[in-house]
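Asks: With positions in the sequence shown counted from 1, the corresponding number in this note's numbering is that position plus 36. Note that CB positions come from ideal geometry on N, CA and C, so glycine has one too.
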Amino acid sequence: MLLSAEKVAKHFGSFRAVAGADVAVAAGEIVGLIGPNGAGKSTFFNCIAGDVAPTSGRILFDGVDVTGAPAETRARLGIGRTFQVPTTFEDMTILDNVMVGAFLRHPRRGEARDRALEVIEMTGLKEQAGQRARSLGTPGRKRLEIARVLAARPRLMLLDEALAGLTPSEVRRAIELVRAIHAQGITLVIVEHIMEVILTLAERVLVFNQGHVIASGTPRQVVDDPAVIEAYLGRGHGRPRRARTP
Ligand SMILES: Nc1ncnc2c1ncn2[C@@H]1O[C@H](COP(=O)(O)OP(=O)(O)OP(=O)(O)O)[C@@H](O)[C@H]1O
Ligand SMILES: [Mg+2]
């Protein structure tokens, strides 16, 4: 397994945001991670990437125990993650933003620049490379967030609603980008509320509810699972959303 999360829990006081989740991801997989708002998906990603320390449990990445390792160590080992709310440096250019990611792997400026340009090309940001990040709209921001992570050459990418807020045609282009990333040998875990994205991309889907994995299977199996339907409807909000059809 490339990633093994064993009984990972994250408590905030007495509240269990992640309540003992077991998740294993093999190299080369595209796994979808879905669940209603507040299910603990982003908190789980935070635990995997080292942005928060889990309360308990164990995280192995390619056999290495990274449970207590800082985020930078995990990034060096190959864990990359996008943030649900992008962490863009607004006054820096798109190129400089992506170079921040590239420096992790390429300490020399010239090499970092070359890597950043490569990734900018791949993510379709070439035209805007010299512009400040603040000039970007939602699709550009989503691409920049992906580019920054990709520049660090991850082996595993955790995408946290990286396609949210896009129009249906932008979603389709972004799906192609995710496929291209996967074709480079990068393993993916995708948190996404847009069911079209999950149904199109994921080979296997895990469903989170109240910090637990409540179902897993093929995309079709999980969307038809009564426990999954109940989890979404029972909360009265945050149902899986299909992308609007044009
Ligand atoms: N730092 C924090 N302190 C206290 N509670 C938190 C903190 N971070 C998250 N939570 C709570 O933990 C729960 C899980 O949040 P999380 O952001 O992981 O959910 P999610 O599944 O990503 O939801 P969404 O689909 O809306 O992004 C929520 O109830 C949230 O309010
Ligand atoms: Mg979230």
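Taking one C-beta from the region 193-208 and one from the region 230-240 each time, how about it: are there three or more such pairs within less than 8 Å?
Replies: yes
Asks: Residues bridged to F244 by DSSP?
Replies: Residue mapping note: residue 244 aligns to position 208 of the sequence shown, counting from 1. F244 pairs with V249.
Asks: If I measure Cβ to Cβ from D58 and keep anything under 7 Å in the same chain, skipping five residues before and after, which residues do I get?
Replies: For the purposes of this step, residue 58 is taken as the residue at position 22 of the sequence shown. So the qualifying residues of the chain are A41, E42, K43, V249.
Asks: Does the distance from the CB of F125 to the CB of E181 come in under 9 Å?
Replies: Counting from 1 along the sequence shown, the entry for residue 125 is found at position 89. Counting from 1 along the sequence shown, the entry for residue 181 is found at position 145. No, the pair does not count as a contact, with Cβ atoms beyond the cut-off.
Asks: Round the Cβ separation of L195 and I226 to the nearest angstrom and send it over; I've been treating them as touching at under 8 Å.
Replies: Taking the first residue of the sequence shown as position 1, residue 195 is located at position 159. Taking the first residue of the sequence shown as position 1, residue 226 is located at position 190. Between I226 and L195 the Cβ distance is about 5 Å, and since that is below 8 Å, they are a contact.
Asks: Can you tell me whether N133 is buried or exposed, with buried defined as 16 or more other CB within 10 angstroms of its CB?
Replies: Position 97 of the sequence shown, counted from the first residue, corresponds to residue 133. Under this definition N133 is a buried residue.
Asks: Is N133 near ligand 1 - that is, is its Cβ less than 8 Å away from at least one heavy atom of it?
Replies: Working through the sequence shown from its first residue, we reach residue 133 at position 97. Annotation for N133 indicates a beta carbon at 8 Å or more from all heavy atoms of ligand 1.
Asks: Grouping DSSP H, G and I as helix and E and B as strand, with all else coil, what is L269?
Replies: For the purposes of this step, residue 269 is identified with residue 233 of the sequence shown, where counting begins at 1. Helix, per DSSP.
Asks: Starting from G176 and walking both ways along the alpha helix (DSSP H), at which residues does that stretch end?
Replies: The sequence position of residue 176 within the sequence shown is 140, counting from 1. Per DSSP, the continuous alpha helix (DSSP H) segment holding G176 begins and ends at 174-186.
Asks: Given 8 Å as the limit, is there contact between the region 81-99 and the region 43-54, that is, 3 or more CB pairs closer than that?
Replies: yes
Asks: Using a Cβ-Cβ cut-off of 7 Å (strictly less than) and excluding sequence neighbours within five positions of A85, which residues of its own chain qualify?
Replies: In the sequence shown, the residue the question calls residue 85 occupies position 49. So the qualifying residues of the chain are A107, R110, I115, R117, L194.
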